[in-house]
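Visitor: When you number the sequence shown by the UniProt record's numbering, it's gap-free, plus one each residue, and the end is 229.
No residue lacks a Cβ here, since even glycine has one placed at the ideal position from N, Cα and C.
Below are the structure tokens for one structure; questions will follow.
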Amino acid sequence: MNILAIDTSTKILSIAVKTDESYEERLIDGHFSHSEDLLHEIKEMCARALIALKDLDILICTKGPGSFTGLRVGMATLKGIRSASGAKLVSIPTLSAMINTVKAISDLPVLAVMDAKKKRYYIRLEDKENVIVSDIDANAEDIKSELSSFCKILVVGDYEKIKEDLKKAAPSVLFVHDPKNTGNISKSLIELGLRQLEEEGEDEIGMGPVYIRKSDAEVSLEKRIKEGF
């Protein structure tokens with residue numbers, strides 16, 4: 001079975017190709033604004049694994065939240081590959097994949113954080129058994145009661161940008177973050193993707209990215225429409 005997993009939700013592109021004989025992965029720093037650029041990198045990774053695009057059986061990607069352009073390009077590229085190869089496509093929530101990278105190595109509750117700009121963050125909080133805060137666009141103050149219910153929380157993602165806000169919102173909580181303990185999201189995507197494929201099946205044809213927040217272009221358009229009346 002040949003599996004391709006990509007994460008295009010941030011400026012760091014993560015690509016992995018897993019076959020029965022090998023596992024290849026690569027992290028690339030840089031935004032991808034066109035499917036052609038991403039497709040080139042995917043072809044190179046497949047070549048390293050000694051397979052072609054037509055040999056792929058399962059395609060897995062992040063579906064959001066994250067970069068509007070990155071998510072759109074990532075999903076569109078994999079949809080194109082699915083159309084040409086007949087591979088099955090599964091998309092996974094970005095924050096769930098981030099949390100899954102550390103679940104096997106820590107019993108602590110895990111807070112996943114992505115910088116959403118404008119002093120806001122995409123946030124998800126889970127303990128070993130439950131989702132405490134599902135994917136939201138918020139700041140630390142918005143979830144202070146949920147944070148304060150724990151003594152210690154492991155943070156994955158953009159910790160440096162939110163750490164002072166976390167300390168102010170929940171001063172009694174010890175927040176820990178070690179970049180060395182943050183696993184590669186591609187491996188996490190493969191694990192979650194295979195599980196989702198078995199339990200729920202592949203994505204429907206019309207499935208698209210989940211942005212949580214409206215894009216700046218959408219907000220600007222709505223503002224202009226309102227001002228026009």
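With 16 as the cutoff for other CB atoms within 10 Å, does D20 come out buried or exposed?
Guide: As a first step, residue 20 is located in the sequence shown; it is residue number 20 there, counting from the start. Exposed, because fewer than 16 other Cβ atoms sit within 10 Å of the Cβ of D20.
Visitor: Whose C-alpha, out of I205, E191 and I185, is nearest the C-alpha of E199?
Guide: Here residue 199 is taken as the residue at index 199 of the sequence shown, counted from 1. Cα-wise, what sits closest to E199 is E191.
Visitor: Which of the three DSSP states, helix, strand or coil, is assigned to C151?
Guide: Residue 151 sits at position 151 when you count from the first residue of the sequence shown. C151: coil per DSSP, three-state reduction.
Visitor: Here's the rule: buried if 16 or more other CB atoms are within 10 angstroms of the residue's CB, otherwise exposed. What is I212?
Guide: In the sequence shown, counting from the first residue as 1, residue 212 sits at position 212. I212 is buried by the Cβ-count criterion.
Visitor: For I28, report the span of its beta strand (DSSP E) as first-last.
Guide: As a first step, residue 28 is located in the sequence shown; it is residue number 28 there, counting from the start. Where I28 is concerned, the enclosing beta strand (DSSP E) stretches over Y23 to D29.
Visitor: What is the DSSP secondary structure of S145, counted as helix, strand or coil?
Guide: For this step, residue 145 is matched to residue 145 along the sequence shown. Reduced to three states, the DSSP call for S145 is helix.
Visitor: Within the chosen definition, does the stretch 8-16 reach the stretch 25-42 through at least 3 CB pairs nearer than 8 Å?
Guide: yes
Visitor: Assign S151 to one of two classes, buried (16 or more other C-beta atoms within 10 Å of its C-beta) or exposed (fewer than that).
Guide: One-based indexing of the sequence shown puts residue 151 at position 151. It is worth fixing the name first, because residue 151 is Cys in this sequence and not Ser. Burial state of C151 is exposed, judged by a 10 Å Cβ sphere holding fewer than 16 other Cβ atoms.
Visitor: Of the residues I132, E41, L108 and L50, which one's Cα is nearest the Cα of N2?
Guide: Translated into positions along the sequence shown, residue 2 becomes position 2. Nearest to N2 by C-alpha distance, out of I132, E41, L108 and L50, is L50.
Visitor: Hey, I162 and V102 are a contact pair by Cβ (cut 8 Å); roughly how many whole angstroms apart?
Guide: Indexing the sequence shown from 1 puts residue 162 at position 162. Indexing the sequence shown from 1 puts residue 102 at position 102. 17 Å between Cβ atoms; not a contact.
Visitor: With the cut-off set at 8 Å, would you say residue 231 and L154 are in Cβ contact?
Guide: Because the chain in this structure spans residues 1 to 229, residue 231 falls outside the shown range and cannot be described.
Visitor: Quick check on this structure: which residue in M98, V173, G157 and I60 has the alpha carbon closest to the alpha carbon of G201?
Guide: Residue numbering aside, residue 201 sits at position 201 when the sequence shown is read from its first letter. Sorting M98, V173, G157 and I60 by C-alpha distance to the C-alpha of G201 places I60 at the top.
Visitor: Just verifying my parser: in three-state terms, what is the DSSP assignment at E222?
Guide: Within the sequence shown, residue 222 is the residue found at index 222, counting from 1. Low local confidence applies: a pLDDT of 40 at E222 is under 50, so the model's placement there is unreliable, with the coordinate-based value given in what follows. It is helical.
Visitor: In the structure shown, what three-state DSSP assignment does Y121 receive?
Guide: To locate residue 121, count along the sequence shown from 1; it is residue 121. In the structure shown, Y121 sits in a strand (DSSP, three-state: E or B).
Visitor: Which first and last residues belong to the beta strand (DSSP E) in which S91 is found?
Guide: As a position in the sequence shown, residue 91 is number 91, starting the count at 1. Element bounds for S91: K88 to I92.
Visitor: Residues bridged to A112 by DSSP?
Guide: Taking the first residue of the sequence shown as position 1, residue 112 is located at position 112. Answer by DSSP bridge pairing, in chain order: R124 and V156.
Visitor: Can you tell which of L147, T69 and K18 has the C-alpha that lies nearest to the C-alpha of L53?
Guide: The sequence position of residue 53 within the sequence shown is 53, counting from 1. Comparing Cα-Cα distances from L53 to each of L147, T69 and K18, the minimum goes to K18.
Visitor: Among S145, K79 and L95, which one has its Cα closest to the Cα of S67?
Guide: Reading the sequence shown from its first residue, position 67 is the one you call residue 67. Closest by alpha carbon: L95.
Visitor: Whose C-alpha, out of R72, H177 and S33, is nearest the C-alpha of S106?
Guide: Position 106 of the sequence shown, counted from the start, is the residue given in the question as residue 106. The shortest C-alpha separation from S106 is found at H177.
Visitor: For V131 and L39, what's the separation of their Cα atoms in angstroms?
Guide: On the sequence shown, position 131 is the one that residue 131 refers to. On the sequence shown, position 39 is the one that residue 39 refers to. V131 and L39: Cα-Cα distance of roughly 35 Å.
Visitor: So, helix, strand or coil for K63, using DSSP?
Guide: Sequence index remark: in the sequence shown, residue 63 carries index 63 (1-based). If DSSP states are grouped into helix, strand and coil, K63 belongs with coil.
Visitor: Could you tell me the distance, in whole angstroms, from the CA atom of V110 to the CA atom of I99?
Guide: Sequence index remark: in the sequence shown, residue 110 carries index 110 (1-based). Sequence index remark: in the sequence shown, residue 99 carries index 99 (1-based). Computed Cα separation, rounded: 6 Å.
Visitor: Name the residue from G74, N184 and M45 whose alpha carbon lies nearest to the alpha carbon of S22.
Guide: Sequence index remark: in the sequence shown, residue 22 carries index 22 (1-based). Residue M45 holds the alpha-carbon nearest to the alpha-carbon of S22 among G74, N184 and M45.
Visitor: Assuming I42 is part of the alpha helix (DSSP H), what are its boundary residues?
Guide: The count along the sequence shown starts at 1 and reaches residue 42 at position 42. S35 to R48 is the span of the alpha helix (DSSP H), which, as asked, contains I42.
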